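Engineer: Numbering (this note's numbering), first residue to last: 8 to 393.
Cβ coordinates follow ideal geometry from the N, Cα and C atoms, glycine included.
All values derive from a computational prediction rather than experimental measurement.
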Ligand code: SAH
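1) Give the DSSP-derived three-state secondary structure of residue 57 in the structure shown.
2) Just to confirm, are residue 124 and residue 183 a CB contact at a threshold of 7 Å?
3) Residue 47: beta carbon under 6 Å from a heavy atom of the ligand SAH?
4) Buried or exposed, going by whether 16 or more other CB atoms sit within 10 Å of the CB of residue 304?
5) Okay, do the stretch 219 to 227 and the stretch 197 to 205 touch, 3+ Cβ pairs below 8 Å being the bar?
6) Quick check: the stretch 344 to 352 against the stretch 308 to 320, are at least 3 beta-carbon pairs closer than 8 Å?
7) Around the C-beta of residue 51, are 16 or more other C-beta atoms found within 10 angstroms, so that it is buried, or is it exposed?
8) Quick check on the burial criterion: 16 or more other C-beta atoms within 10 angstroms. Buried or exposed for residue 215?
9) Pick out whichever of 368, 330, 336 has its Cα sitting closest to the Cα of residue 362.
10) Should residue 293 and residue 245 be called a contact, given that it needs their Cβ atoms to be closer than 7 Å?
11) Identify whether residue 314 lies in helix, strand or coil by the three-state DSSP scheme.
12) Please state the DSSP three-state secondary structure of residue 126.
13) For residue 66 and residue 44, what's the separation of their Cα atoms in angstroms?
14) How would you call residue 171, buried or exposed, if buried means at least 16 neighbouring beta carbons within 10 angstroms?
15) Which whole runs of the beta strand (DSSP E) in the stretch 191 to 231 are 3 residues long or more, in chain order?
16) Alpha carbon to alpha carbon, how far is residue 358 from residue 140? Give it in angstroms, no decimals.
17) Quick test of your reading: residue 58 and residue 133, contact by CB under 8 Å. State the CB separation rounded to the nearest angstrom.
18) For residue 315, tell me which candidate among 302, 367, 328, 333 has the shortest Cα-Cα distance.
19) Is residue 374 helix, strand or coil when you go by DSSP?
20) Report the option in 255, 263, 264 whose CA atom is closest to the CA atom of residue 271.
21) Here's the rule: buried if 16 or more other CB atoms are within 10 angstroms of the residue's CB, otherwise exposed. What is residue 385?
22) Work out the CA separation of residue 233 and residue 100 for me, nearest whole Å.
23) Report the partner residues of residue 47 according to the DSSP bridge assignment.
24) Taking only the alpha-carbon atoms, compute the straight-line gap between residue 116 and residue 186 and give it to the nearest angstrom.
25) For residue 164, collect the residues of the same chain with a Cβ closer than 8 Å to its Cβ; drop the 5 residues on either side in sequence, then sort them by chain order.
26) How would you write the range of the alpha helix (DSSP H) that residue 260 sits in, first residue to last?
27) Could you check whether the Cβ of residue 248 sits closer than 6 Å to any heavy atom belonging to the ligand SAH?
28) Spatial neighbours of residue 371 within its chain, please: C-beta separation below 6 Å, excluding the five flanking residues on both sides.
29) Does the beta-carbon of residue 205, which I'm using as the reference point, lie nearer than 6 Å to any heavy atom of the ligand SAH?
30) Which parts of the stretch 91 to 166 are runs of the beta strand (DSSP E), unbroken and 3 residues or longer, counting only runs that do not cross its ends?
If you want it as structure tokens, here you go:
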């Protein structure tokens with residue numbers, strides 16, 4: 008097996024339970040793209056075993072720590088454990104995440120389940136090389152009707168991997184019927200964002216349902232995740248998304264679920280919030296679920312001002328006693344920073360606001376306590392005091 012020597016700093020990181028060792032901590036190993044390598048620390052000691060990338064800044068992704076090599080079929084074992092955990096959760100949905108990369112100890116592998124189908128993403132050289140074996144193991148473990156590789160996220164470019172969307176097993180249709188709680192969706196696994204749906208928000212939709220009432224505004228609605236889940240509790244629903252295509256899907260999904268009071272508008276939320284304020288609109292429940300405003304550290308200040316603006320405007324549009332469900336999926340904006348933004352927005356809006364629930368991503372997207380990068384989604388349920 009090829010070896011890779013790492014610096015004391017890299018060794019400390021690995022021993023502290025972080026699976027990523029950066030290029031600056033690795034001496035150039037004699038290994039090929041995607042190889043499993045033995046990781047060597049000070050005095051020639053074996054730190055553990057890792058998958059090697061010859062392109063990414065993340066040169067090594069630890070598979071195991073300690074002198075014993077991982078068993079030959081470690082991927083299969085970990086897939087099985089990941090699936091067993093999801094089964095044990097008893098999720099009220101036919102669409103959910105089966106494998107969440109690092110948090111299931113299979114770094115950079117995503118597998119989402121949509122009914123009888125699986126959609127996977129192989130986001131590093133090590134996983135990309137093993138994707139056929141992974142598809143084989145998934146077939147044995149889950150027996151899906153088809154497996155699609157949605158290998159088109161931009162992060163693959165950092166690994167020098169081509170974007171490609173291909174069927175790995177069986178057949179995968181353009182539309183898959185799935186259910187989340189009481190809501191029925193049609194998912195397009197080939198072209199939808201991420202692997203088709205924003206599965207990480209499922210439990211936040213369930214939580215929001217406990218408070219939703221009156222006039223609902225769902226901003227950054229995509230296919231209507233929050234709008235459709237909350238609609239049965241609300242008297243009117245306005246869903247806003249900048250994408251015409253998303254708005255068409257919201258309308259289809261509303262009709263499919265017999266929700267005649269859902270209106271969908273293709274608008275830029277920043278403009279629409281201003282317009283709603285100008286015409287004197289008011290809401291009893293508002294959801295803000297924007298895309299990651301801070302894709303990297305450099306864009307954090309601009310992201311914070313974006314979060315401030317939408318939260319300030321939403322708090323102004325909210326009736327006293329109403330609820331604001333506000334989210335950030337920017338890893339680079341921590342929970343503390345996001346709470347500060349909300350506090351600033353509340354002060355600017357001259358509103359007294361209480362934090363009713365502090366939430367995160369669903370349990371099928373686990374967070375590793377030693378790996379802050381696995382905690383990316385923040386969701387606060389706020390109440391504007393009457
Ligand atoms: N709330 C959704 C997920 C939202 S993802 C759910 O629960 O499924 C973010 C969405 O914001 C995407 O659909 C994207 O098209 C939309 N978007 C991005 N920028 C926007 C803007 N400035 N105004 C309106 N929508 C925007």
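Structural biologist: Per the coordinate set shown:
1) strand
2) yes
3) no
4) exposed
5) no
6) yes
7) exposed
8) buried
9) 330
10) no
11) helix
12) strand
13) 11 Å
14) exposed
15) 221 to 226
16) 55 Å
17) 3 Å
18) 333
19) coil
20) 255
21) buried
22) 15 Å
23) 12, 53
24) 24 Å
25) 170
26) 251 to 263
27) yes
28) 93, 103, 104
29) yes
30) 102 to 107, 116 to 121, 124 to 129, 153 to 158
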